[in-house]
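Asker: Just so we're aligned, residue -5 is where the sequence shown starts under the working numbering, counting upward by one. Here it is, the structure in full.
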Amino acid sequence: MTDWLNTLKACSKKIRKEVLPLFGSADAAIGFGRGAGGDIMKKIDLAADKALITTLQDLDASCTLISEESGVKKIGSQPADFYVTTDPVDGTTNAVRGIPFIATSIAVSKAPYLKDVEAALVSDLIHDITYTAKRGYGAFKNEKRVQASSTPTLEKAVIGIDLTTVEKKEYITPLTMVLEKTKHLRHLGANALELCYVADGTTDAFIDLRGKLRVTDIAAAYLILREAGGIMVTLEGKELNAPLAPTQRVSFIAAANTLLYETIKKLLRPH
Ligand SMILES: [Mg+2]
-5 MTDWLNTLKA CSKKIRKEVL PLFGSADAAI GFGRGAGGDI MKKIDLAADK ALITTLQDLD
55 ASCTLISEES GVKKIGSQPA DFYVTTDPVD GTTNAVRGIP FIATSIAVSK APYLKDVEAA
115 LVSDLIHDIT YTAKRGYGAF KNEKRVQASS TPTLEKAVIG IDLTTVEKKE YITPLTMVLE
175 KTKHLRHLGA NALELCYVAD GTTDAFIDLR GKLRVTDIAA AYLILREAGG IMVTLEGKEL
235 NAPLAPTQRV SFIAAANTLL YETIKKLLRP H
């Protein structure tokens, strides 16, 4: 059987090699039509997607690929055994602008659902930092075990909220309740990596209630955060789950610990 974590590491190494020369260059932004997730696929996205597919093929890693860029594609002789869900470049705008915060995200599952993800990798391509997780075995940052923080309050926490192109006005007022209590707010532009920052204690929470983030962006970080002891649930407090498909969207509250999550939840849903 495929040793998935090693396979994912090999994929991310190849992706990094293709992506770095394009980072911050005008070339990176050349458009190639719409990707499967609906956004314009840029040269840098296409290069990363190609590198991933080639590496999976070279390593004989049979799977059904679910990519934000190239869509659903069967690879190898037994494609129904595993699903590989990816956003080859998370933070494409950062990549094009030369903002050094971009990641590749790859998740492996035996069924095409978020809750079934059992191996995951998110790699910070600029700083060569790789987060991995295997279900039941914890989360790691460059082979070192990580744990989400125990920061209990918003006054002490550093939190991320994605408010870009928010259309659901009903969430804006509750979110301002959170903002009133938040001393340290960050949004860095690559949600997969921002969730890994919650996993390793760099930050303490990340909220995205827009209903716009694709499941391909968070499939890997979801397992990494959970294996680091963090929480990632719906606004209603239910376990996050969704079909793994290029156009599937999700909303969630991710928090480092229960105390902080309860604080955020009470502000967002006071009744
Ligand atoms: Mg992308």
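Where is the CB? At the ideal position from N, CA and C, for every residue including glycine.
1) Does ligand 1 have even one heavy atom less than 8 Å from the beta-carbon of Gly31?
2) Tell me, to the nearest whole angstrom, how far the beta carbon of Gly65 is from that of Pro237; I am working on the premise that it is less than 8 Å.
3) With H, G and I counted as helix, E and B as strand and the rest as coil, what does DSSP make of Val209?
4) Could you check which residue in Ala249, Val78, Gly130 has the C-alpha nearest to that of Thr58?
5) Measuring from the CB of Glu188, is there a heavy atom of ligand 1 at a distance below 8 Å?
6) Going by beta carbon distance, what residues of the same chain come within less than 6 Å of Phe134, once the five residues before and after it are set aside?
7) Where does Tyr131 land, buried or exposed, given buried means 16+ other C-beta within 10 angstroms?
8) Which residues neighbour ligand 1 when neighbourhood means a C-beta less than 6 Å away from any of its non-hydrogen atoms? List them by chain order.
9) DSSP puts His178 in a beta bridge; with which residues?
10) Which same chain residues end up closer than 8 Å to Lys162 when comparing Cβ atoms and leaving out the 5 residues on each side of it in sequence?
11) Rank Ala184, Ala186, Ala23, Thr197 by C-alpha distance to the C-alpha of His178 and give the top, closest one.
12) Identify, in the order they occur along the chain, each residue of the same chain with its Cβ nearer than 6 Å to the Cβ of Glu221, setting aside the five sequence neighbours on each side.
13) Pick out the complete beta strand (DSSP E) segments inside the stretch 50 to 84, 3 residues or longer, and give them in chain order.
14) Whole angstroms are fine: how far does the CA of Gly154 sit from the CA of Leu253?
15) Please report the Cβ distance between Ala186 and Ala97, rounded to the nearest whole angstrom; I am assuming they are in contact, meaning their Cβ atoms lie under 8 Å.
16) Could you please give me the residues that DSSP links to Ser103 through a beta bridge?
Answerer: This is what the structure gives:
1) yes
2) 14 Å between Cβ atoms; not a contact.
3) helix
4) Val78
5) Proximity of the beta carbon of Glu188 to ligand 1 is not indicated: no heavy atom of the ligand is located closer than 8 Å.
6) Thr126
7) With fewer than 16 neighbouring CB atoms inside 10 Å of its own CB, Tyr131 falls in the exposed class.
8) Asp39, Glu62, Asp81, Val83, Asp84, Thr86
9) Val152
10) Leu203, Arg204, Gly205
11) For the residues Ala184, Ala186, Ala23, Thr197, the minimum Cα distance to His178 belongs to Thr197.
12) Ala127, Gly132, Ala133
13) 57 to 61, 65 to 69, 77 to 84
14) Taking the straight line joining both Cα atoms gives about 17 Å.
15) 5 Å
16) Tyr77, Val111
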